[in-house]
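*Asks:* Starting off with a structure, shown below.
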Amino acid sequence: MLKKLFNIMKKNVKEEKKESEEIEFKTRRLEPKIENEVLDVETKNNEVEGEESNCSLDISVDDVNTKDVTVEATVCLDKVEKECDEKENELEENTQYIHVELSEEDREYIKDIKIKRGKSIRAIDVYSEEVKEFKTHSECSKKLKIPMDYIKENLKYGYTDYLGQAINYLREELKLDTDGESSYLESSKTPMELFNGLNNKIFTTKMSEYKREEILCSEKIEPLKMHYKFECIDEEYDEYFTKYKSIIKRGGKKRVELVDKKGEVIERFKSLDDCANYLNKEKNEVVDMLKYKDTKVGRYEIRYSLRGL
């Protein structure tokens, strides 16, 4: 009986030992797997941390890139604005020289206005071809010691002989009405036509023979020999006519603006009458100011308005 009991206990011990060995064996087999899983988990954690770090780095890089792009965009914008300003200025300058097709009527109108403005002029010696330029007609007359009317005659008709002195002398001696020494230039007849007509009147006008002989013997009835021809420069008016031609040539109401030195509008007028009333001037005076571009009004200036065109 005891022996049987002993055998049973021995058997149980063996079975427990066997189970313990099996558990130990299984544990040893599972340890590498567990270690690998732990390593995998750690690796994944490291990867996540790395991604977070990279993300942070990317954000920083993006921030830097954003700043670079912003700086680059600002520089580029400044460059574009500068180029636009340069192009605008270049266009404005070139606009002054855009060729505008002028009719014969336009050319005659401009020439007449320039003669009356008396601005910059070029004198050419017909013999030596020497060229001199002057700021005004009066300066040219003074420096070259020639009559002002001779300059006007040559510009308007192309004469190199001055007829004005002879015309004015004959008008005075023949008792003919005159509105001034330069009035013959406003006549519908040319100076040559006037001169020939006055010479004929010496013989048809009733006067003493003594007086007639006196006139005929006077040196004043002879044209004065000159040797200059002239050309108006006055580019300022060329630009003015080019800009406002459509307004200058048409009739009807014309809008006017009062501007400061910077070109900023101070007042706008719907008509020439409104402008004249504001400036306390006659309408004809305002018309002539705009016609001859004599547009200064104290610190300001008047100009045709292009609004609505």
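Take the sequence shown: its letter number 298 is residue 298 in this note's numbering, and every next letter is one higher. A virtual CB, placed ideally from N, CA and C, is assigned to each residue, including glycine.
1. By the DSSP assignment, the beta strand (DSSP E) with R212 in it spans what residues?
2. Would you call the region 159-177 in contact with the region 235-255, where contact means no fewer than 3 C-beta pairs closer than 8 Å?
3. Look at the alpha carbon of S183 and the alpha carbon of Y240, and state the distance between them as a whole number of angstroms.
4. So L290 is in the alpha helix (DSSP H); what residue range does that whole segment cover?
5. How would you label V256, buried or exposed, when you count the other beta carbons within 10 angstroms and need 16 or more for buried?
6. Determine the direct distance from the alpha carbon of E231 to that of G158, and round the result to whole angstroms.
7. Am I right that K310 and L185 are in contact with their C-beta atoms under 8 Å? What's the rounded C-beta distance?
8. Helix, strand or coil: which one does DSSP assign to K67?
9. For G164, tell me which candidate among Y237, D260, K296 and K225 has the shortest Cα-Cα distance.
10. Could you tell me how far apart the beta carbons of V259 and Y300 are, in whole angstroms, since I believe they sit closer than 8 Å?
11. Tell me which residues share the same chain as C140 and place their Cβ nearer than 7 Å to its Cβ, disregarding the 5 neighbours each side in the sequence.
12. In terms of DSSP beta bridges, what is T124 paired with?
13. Beta-carbon within less than 8 Å of I153's beta-carbon, same chain only, minus the 5 sequence neighbours each way: which residues are those?
14. Between L144 and the rest of its own chain, which residues show a CB-CB distance below 7 Å, the 5 nearest in sequence each way excluded?
15. With a threshold of 16 other CB atoms inside 10 Å of the CB of Y149, please say whether the residue is buried or exposed.
16. Whole angstroms is fine: what's the gap from D238's alpha carbon to K201's?
17. May I have the straight-line CA-CA distance separating K119 from K142, to the nearest angstrom?
18. Alpha carbon to alpha carbon, what distance is there between L194 and V126?
19. DSSP on T160, reduced to helix/strand/coil?
20. Helix, strand or coil for E222 per DSSP?
21. Taking the alpha-carbon positions, what's the Y244 to S188 distance?
22. Let me make sure I understand the geometry here. Which of E104, L290 and I110 has the alpha-carbon closest to that of E235?
*Replies:* Straight from the coordinates:
1. Careful: R212 lies outside any beta strand (DSSP E), inside the alpha helix (DSSP H) at E209 to C217.
2. no
3. 27 Å
4. K283 to K291
5. Under this definition V256 is a buried residue.
6. 10 Å
7. Given a span of 1 to 309 for the chain in the structure shown, any question on residue 310 remains unanswerable.
8. Because the pLDDT at K67 is just 48, under 50, the model does not fix this residue reliably, and the value given afterwards should be weighed accordingly. If DSSP states are grouped into helix, strand and coil, K67 belongs with the helices.
9. Shortest Cα-Cα distance from G164 to any of Y237, D260, K296 and K225 involves K225.
10. 6 Å
11. I121, A123, F134 and I151
12. Checking the sequence shown, residue 124 turns out to be Ile, not Thr. Answer is V131 and K229, bridged to I124.
13. The sequence given here places Glu at residue 153; Ile does not occur at that position. Sequence-distant Cβ neighbours of E153 in its own chain, meaning closer than 8 Å and more than five residues away, are Y159, Y162, L163, G164, L185 and P191.
14. Result list for L144: A123 and Y228, in chain order.
15. According to the sequence as given, residue 149 is Asp; it is not Tyr. D149 is buried by the Cβ-count criterion.
16. 42 Å
17. 14 Å
18. 25 Å
19. coil
20. Correct three-state label for E222: coil.
21. 28 Å
22. I110
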